[in-house]
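Residue numbers (numbering that gives the first Met the number 0): 0 to 131.
Input: a single structure, listed below in C-alpha cells.
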Amino acid sequence: MNAPDRYERFVVPEGVKKVSYERDTKIMNAATFTVEREDHTIGNIVRMQLHRDENVLFAGYKLPHPLQYKILLRAYNQAINDLDKELDHLKNQFESQRGFGEGVANSPLADSIVAESTPLSGMPLFEAHLVR
0 MNAPDRYERF
10 VVPEGVKKVS
20 YERDTKIMNA
30 ATFTVEREDH
40 TIGNIVRMQL
50 HRDENVLFAG
60 YKLPHPLQYK
70 ILLRAYNQAI
80 NDLDKELDHL
90 KNQFESQRGF
100 GEGVANSPLA
110 DSIVAESTPL
120 SGMPLFEAHL
130 VR
C-alpha cells in the first residue's frame, strides 16, 4: 500500500521541534504555531483555551492535509509572546503527568488522556501584557 507507516503519526523525527512558530509579518501580535504530530484533540483544546482569554482577538487551527501529521494554530492576541511561553508550559505539564512508556508517550491517544485529566481551566493561562 501507499499509506505511510503508523508510527509516523506520533513519532517526531529527530531534528524537528514539537512546537515552532512564525510571526505574521502583516499583522502585529499575530503568529502561526506549528505543532508536529498532533491532531484535532490538542488543536481544539488550545483553541478553546485561547477563546477564554478576553485579550485574544482570533484563535483557530487547521490540519493542512490528512497525511500531514501537524496542526497549524493561528492566534491574534495583544500579547503573542505569552502564548509561546504558555505552549511550553503545557508541553512540560503533559510530559510530567504522562507516566507512560516512551513508545506510547508521544501518541495522540496519550495526549488526549492527559489533556482530559489535566485541569486546564484552573491554570493561569495567557495573562495578557500589552506588547508595544
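For glycine and all other residues, C-beta sits at the position ideal for the given N, C-alpha and C.
Keep in mind the model is a prediction, meaning the values are calculated, not measured.
Item                                                                                                                    : Value
Option in Leu89, Leu72, Phe93 with minimal Cα separation from alanine 29                                                : Leu72
Valine 103 burial status per 10 Å Cβ neighbour count (16 or more: buried)                                               : Unreliable placement is indicated for valine 103, whose pLDDT of 48 sits below 50; no coordinate value is reported for it.
Closest Cα partner of glutamate 85 within the set Pro12, Tyr6, Arg8, Val18                                              : Val18
Same chain only: Cβ atoms within 6 Å of lysine 61, ignoring 5 sequence neighbours per side                              : Leu71
Minimum C-alpha distance to glutamate 37 - residue among Lys16, Arg51, Ser95, Asn76                                     : Lys16
Euclidean distance between Cα positions of asparagine 54 and aspartate 23                                               : 18 Å
Alpha-carbon spacing of arginine 8 relative to phenylalanine 93, whole angstroms                                        : 18 Å
Cα-Cα separation, leucine 56 to isoleucine 41                                                                           : 20 Å
With 16 other Cβ atoms within 10 Å as the buried cut-off, status of leucine 49                                          : buried
Beta strand (DSSP E) segment containing asparagine 76, residue limits                                                   : 69-76
Spatial neighbours of threonine 31 in its chain, beta-carbon cut-off 6 Å, leaving aside the 5 residues before and after : Glu21, Leu71, Arg73
Own chain residues within Cβ distance below 7 Å of glycine 59, not counting five before or after                        : Arg46, Arg73
Identity of the residues DSSP links to glutamate 7 by a beta bridge                                                     : DSSP output for glutamate 7 lists no bridge partner at all.
Cα-Cα separation between isoleucine 26 and tyrosine 6, rounded to whole angstroms                                       : 37 Å
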